[in-house]
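In the numbering used here, the protein residues as written are 294 to 651. Note that the Cβ used here is the ideal one computed from N, Cα and C, for glycine as well. As structure tokens, the structure follows; a few thoughts come after it.
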Ligand SMILES: NC(=O)c1ccc[n+]([C@@H]2O[C@H](COP(=O)([O-])OP(=O)(O)OC[C@H]3O[C@@H](n4cnc5c(N)ncnc54)[C@H](O)[C@@H]3O)[C@@H](O)[C@H]2O)c1
């Protein structure tokens with residue numbers, strides 16, 4: 294009797310799950326943040342499929358049984374086919390080129406991929422009648438903020454083409470919401486960091502420019518030293534302050550927003566960080582503590598365009614989405630990154646398309 298009740302409850306729970314399950318196209322789902330989001334989607338009972346051209350993504354970052362389309366997000370015919378064949382409800386768009394320095398020297402590469410290709414993706418959605426979109430934006434759209442912490446209503450004034458491409462798409466989304474009833478959420482991430490709690494997937498960029506994986510590479514002897522850009526900033530220890538947010542915390546916000554996307558024409562903007570400023574030196578100390586090894590540092594001059602401090606006010610996401618950060622401190626974030634790097638010293642070791650990264 295008890296067993297019957299239990300199985301009845303279980304099947305009712307399952308049917309509820311099925312009712313609310315969304316078919317989600319995860320564009321850039323083989324990349325760092327996208328692959329973590331795919332995991333969270335599956336855990337929440339949704340049905341993701343991935344579109345990635347693997348220019349930076351990794352096959353091993355997505356489960357072998359997951360449907361993966363190898364193609365370009367700017368290919369409208371392909372995207373249209375996927376949207377219809379997979380009966381997609383929501384598109385999550387993580388794919389972009391993300392190197393700030395390269396965006397300054399090769400801006401067209403960034404405008405073509407981050408803006409032009411994204412407009413094709415959006416056109417394919419409009420044509421196919423798919424009206425829900427979640428976009429990976431960035432705190433770089435704010436440029437050098439006049440005040441801190443950075444809340445959603447501060448003026449956006451990017452100082453490099455990368456940030457500008459993201460702001461261009463934010464603006465295009467507003468127009469599409471008005472003209473076509475597109476519902477969208479644009480999340481401005483601060484510094485994404487960390488890895489899956491089981492250490493099975495993690496961060497593997499090539500080239501890697503992010504402080505935590507670079508410091509771990511130095512600790513493990515894969516790089517000779519870490520260059521610390523600027524030690525004379527007006528901050529407590531002279532180094533830049535940044536806001537590190539765990540990749541799974543970011544991913545959870547993407548799912549928490551589904552309900553709000555139900556309203557046609559919804560225009561949602563959220564800054565996602567922990568709100569805790571962490572200095573570069575504090576990150577290095579956390580890496581030394583997690584790895585038990587020294588990180589050799591070479592102090593260098595400031596890098597052009599690096600603001601002294603960037604950290605988020607994420608109270609809007611907490612209030613409106615019920616979103617809560619599970620990894621509030623740098624130690625827990627670095628520990629999860631270390632779990633991945635310690636078990637995958639060569640990352641995914643699948644450099645599939647050498648030469649495509651230039
Ligand atoms: N990592 C961060 O700290 C951070 C901070 C702010 C914003 N963001 C944004 O978050 C998103 C994800 O960042 P990430 O660190 O996971 O990057 P990533 O490079 O690891 O992932 C991007 C994925 O998109 C794919 N891709 C790129 N262009 C494509 C195209 N034209 N067609 C199909 N696939 C394509 C790549 O192969 C890769 O798998 C980006 O849009 C980035 O701008 C990241």
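Item, Value
"Compute the Euclidean distance between the alpha carbons of residue 558 and residue 612, then round it to the nearest angstrom.", "20 Å"
"Among 507, 537, 407, 498, which residue has its Cα nearest to the Cα of residue 590?", "507"
"Within the present structure, is the beta-carbon of residue 541 separated from the nearest heavy atom of ligand 1 by less than 7 Å?", "no"
"Can you tell me which residues form a DSSP beta bridge with residue 429?", "480"
"Measuring only from the beta carbon, is residue 567 closer than 7 Å to any heavy atom that is part of ligand 1?", "no"
"Quick one: is residue 324 buried, meaning 16 or more other Cβ sit within 10 Å of its Cβ, or exposed?", "buried"
"Just mark residue 518 as buried or exposed, buried being the case when its beta carbon has 16 or more other beta carbons within 10 Å.", "exposed"
"Report buried or exposed for residue 414, applying the criterion of at least 16 other Cβ atoms within 10 angstroms of its Cβ.", "buried"
"Is residue 638 helix, strand or coil when you go by DSSP?", "coil"
"Check whether the region 482 to 499 touches the region 319 to 338, counting contact only when three or more Cβ pairs, one atom from each stretch, lie closer than 8 Å.", "yes"
"So, does the region 312 to 319 touch the region 378 to 387, judging by three or more C-beta pairs under 8 Å?", "yes"
"Report, in whole angstroms, the separation of the C-beta atoms of residue 605 and residue 375, which I expect to be a contact under 8 Å.", "Actually they do not touch by this definition, with Cβ atoms about 33 Å apart."
"Can you have a look at residue 401 and say buried or exposed, based on whether 16 or more other CB atoms are within 10 angstroms of its CB?", "exposed"
"Just list the residues that DSSP pairs residue 341 with in beta bridges.", "317"
"Applying the criterion that 16 or more other CB atoms from any shown protein chain within 10 Å of the CB defines a buried residue, is residue 407 buried or exposed?", "buried"
"Less than 7 Å between the CB of residue 431 and some heavy atom of ligand 1, yes or no?", "yes"
"Taking the beta carbon of residue 420 as the centre, do at least 16 other beta carbons fall within 10 Å, making it buried, or is it exposed?", "exposed"
"Of all the alpha helix (DSSP H) runs that stay within the bounds of the region 510 to 596, which reach a length of 4 or more residues?", "540 to 549, 573 to 584"
"Less than 8 Å between the CB atoms is what I'm expecting for residue 477 and residue 470, so what's the real figure, rounded?", "6 Å"
"Apply the 10 Å Cβ neighbour rule to residue 304 and answer buried if 16 or more other Cβ atoms are within range, or exposed otherwise.", "Caution is warranted here: a pLDDT of 46 is assigned to residue 304, below 50, making its placement in the model unreliable, and no coordinate value can be reported."
"Hey, which unbroken runs of the beta strand (DSSP E) at 3 residues or more fall wholly within the region 607 to 635?", "none"
"Return the residue from the list 534, 625, 502 that minimises the CA-CA distance to residue 520.", "502"
"Below 8 Å between beta carbons: does that hold for residue 579 and residue 627?", "yes"
"Taking only heavy atoms of ligand 1 into account, decide whether any of them is closer than 7 Å to the Cβ of residue 453.", "no"
"Could you tell me whether the Cβ atoms of residue 523 and residue 594 are closer together than 8 Å?", "yes"
"Taking the C-alpha atoms as reference points, what is the distance between residue 393 and residue 615?", "32 Å"
"Could you pull out every residue in the same chain whose Cβ sits closer than 6 Å to the Cβ of residue 562, ignoring the five residues on either side in sequence?", "445, 479"
"Tell me whether residue 325 counts as near ligand 1, meaning its Cβ is closer than 7 Å to at least one heavy atom of that ligand.", "yes"
"Mind checking whether the beta-carbon of residue 498 lies closer than 7 Å to any heavy atom of ligand 1?", "yes"
"Residue 543 to residue 625, Cα distance in whole Å?", "15 Å"
"Which residue or residues does DSSP assign as beta-bridge partners of residue 386?", "320, 428"
"Using the Cα positions of residue 429 and residue 364, report the straight-line distance between them to the nearest angstrom.", "19 Å"
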